[in-house]
Each structure stands twice: as structure tokens, then as C-alpha cells.
């Protein structure tokens, strides 16, 4: 696998990732209505648990002081608000991976009960992308808010974002991730199109009701051979080319998995991948 060339990102009108859904629709020769949901769950679980024994080890082994959270929440109404403001003037939205000081995190989100003693935390800042692939000058704090989101208030300026991204890239964890996934570089950000964001906030549960929020969980893109073997073992028909396109060049990289909340599945949660990984 070749190292990804670092260049100015080009954002498409369709995210390359987000392939946990549509991986499978039937067992070989036998239609199984719940197959897709089951496999979304299975692959999502593999991403999640591989991260715990793999890429998240780069952040340290002390559970009490790990510099990341087990999950990150966002109200779906926030995505609707951003979609309404930016859909007509841009392609989508990116989520920069950053490290934020503990005190700044509390001030920006309003959260005080942080379940780790770490001085800095992995976090994600949302920035809309225009039709020329340029980031907007507005950068939004949307995850884990303990208050109602307000466009004019829950934002930071570009210089602050630049510092937060710099913190992420300067952390030992980033260096360790680079060594872990070599020759593939660590993830800088993820990207989602506005059409995909629209699909997220119009998704309904088993009763036809809209979801209230999303929960995102750190995950790791597992090796292609593992996925292929899993599908062989279960007998499901696998959309191999789609998976290759989405993930083959991103093995061992950090990503984030989404879940609709409240989860209405009794036994198997449904996951979706957060979109295209960059660079």
C-alpha cells in the first residue's frame, strides 16, 4: 500500500466512506431482509473493538487518564441547522480532529463531568466546505453540548482552530498513530456531503419516528482480509468493490462510527461510518 500523497483536499459530491450500510443485502441465493442491519452491526463492532486494541493504544494504556471520550453526541437539529444555512452554497462539511484543553472543552461545551483526568481531549470541530473545496470561515462546536446550539455563539475563529489542529498533530499520540498505520498517515479530518447529512436527519426508527441525536464512537478501519473472511464465514454476499473503494487505502486509521439515538434495536445496534477520511 502506498503512502497517501499530501495535497489540498478535493471534496466530492458523494462521500467515499459511509459504506457500512449497503455492504450486503442477502445471503448467497437467499433473500434475508435483516441482513444489511446485521452486517452494519457486525462490521461496526469490529471497527470499534479493533480500535481499542489497536489505534487507541497510541493514546496510552491508562483508562483513567485516556485523552479521548468513549462517545461524542450531537443533536440532529444542529445538523439540520447547518444544512439549512450552507447546503445552497457548498458541498458538505468536514470534522477536524483536534486536541482541546480540558478547561476549554468545559467552557465551550458546558460539560463538567468529564470521565477522564486527561489534560487534553480528542475532539472534532465542524467546518462547512464551499463549492470550490474551500473551508468556510465559520468553525462550529457541536459535539457534547450541554446547552442549545446557537450558530452565532457556538463557533471559534480560524486561528483557534489552527491551534487546536496543531495540538493534535503535535501530540505523541499522532506520532504513534503515524508509526502504527505506516505508510498510511493518520486521519486529519472526515468529510460528509450535505446530501448525506440530509439522509441522516431524515432517517426514521422502526416506528417511523425521527431520531433525536447521534452518538459517535472512535473506531479503526480494519484490514480488508478480515472483512472478506467474515463475510465468507457468514455466507453473506459482500459488496467487495464498494468496500475496497471506501476503505482499502485507509486500513489502521482512526475514524468515528455513528449510531442513531435513542437506539431502538433490541439486540444489534446499527452503525454508520462518518464519511470520507482525509488526507
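Residue numbers (my numbering): 756 to 1034. C-beta atoms are modelled at their ideal positions from N, C-alpha and C, and glycine is treated no differently.
Drop a sphere of 10 angstroms on the beta-carbon of residue i, count the other beta-carbons inside from all chains shown, and report buried for 16 or more, exposed for fewer.
i, result
"residue 822", "buried"
"residue 870", "exposed"
"residue 906", "exposed"
"residue 892", "exposed"
"residue 925", "exposed"
"residue 797", "buried"
"residue 928", "buried"
"residue 1012", "buried"
"residue 981", "exposed"
"residue 765", "exposed"
"residue 795", "buried"
Can you tell me which of the options puts its alpha carbon nearest to the alpha carbon of residue i?
i, options, result
"residue 970", "908, 1017, 961", "1017"
"residue 899", "848, 827, 882", "827"
"residue 890", "874, 908, 861, 851", "851"
"residue 909", "895, 915, 921", "895"
"residue 917", "1026, 882, 831, 979", "882"
"residue 1026", "799, 954, 813", "799"
"residue 1015", "994, 811, 955", "955"
"residue 873", "861, 887, 886, 857", "857"
"residue 829", "994, 972, 977", "972"
"residue 745", "935, 914, 860", "Since the first and last residues shown for the chain are 756 and 1034, residue 745 lies out of range."
"residue 951", "842, 859, 887", "842"
"residue 922", "853, 994, 968", "853"
Return the Cβ separation of residue i and residue j in integer angstroms, given the expectation that the two are a contact with Cβ distance under 8 Å.
i, j, result
"residue 884", "residue 846", "5 Å"
"residue 880", "residue 919", "7 Å"
"residue 865", "residue 838", "Actually they are not in contact, since the Cβ atoms of residue 865 and residue 838 sit about 23 Å apart, beyond 8 Å."
"residue 876", "residue 855", "6 Å"
"residue 979", "residue 999", "7 Å"
"residue 915", "residue 833", "Between residue 833 and residue 915 the Cβ distance is about 19 Å, and since that is not below 8 Å, they are no contact."
Please report the distance separating the alpha-carbon of residue i from that of residue j.
i, j, result
"residue 807", "residue 1010", "12 Å"
"residue 937", "residue 867", "36 Å"
"residue 960", "residue 803", "23 Å"
"residue 760", "residue 1004", "Note that residue 760 scores a pLDDT of 36, beneath 50, so its modelled location is shaky; the value from the coordinates is reported in the next line. Going by the C-alpha atoms only, they are around 12 Å apart."
"residue 942", "residue 1001", "14 Å"
"residue 949", "residue 912", "22 Å"
"residue 819", "residue 848", "33 Å"
"residue 985", "residue 947", "27 Å"
"residue 945", "residue 1031", "5 Å"
"residue 831", "residue 964", "13 Å"
"residue 975", "residue 840", "32 Å"
"residue 1008", "residue 810", "7 Å"
"residue 931", "residue 977", "17 Å"
"residue 939", "residue 933", "7 Å"
"residue 815", "residue 859", "22 Å"
"residue 953", "residue 863", "26 Å"
"residue 988", "residue 997", "19 Å"
"residue 958", "residue 888", "27 Å"
Shorter than 7 Å from the beta carbon of residue i to some beta carbon of chain B?
i, result
"residue 933", "Any reference to chain B falls outside this structure, which holds one protein chain only."
Could you tell me whether any non-hydrogen atom of the ligand SAM is closer than 6 Å to the CB of residue i?
i, result
"residue 867", "In the structure on display, the ligand SAM does not appear, and there are no ligands present to speak of."
Practice item. Go through the stretch 860 to 935 residue by residue and report every complete run of the beta strand (DSSP E) that reaches 3 residues or more, in order. Key: As far as the stretch 860 to 935 is concerned, its whole beta strand (DSSP E) runs of at least 3 residues are 875 to 885.
Practice item. Within the stretch 944 to 994, note down every full alpha helix (DSSP H) run reaching 4 residues or more, in order along the chain. Key: Runs found: 949 to 956, 979 to 989.
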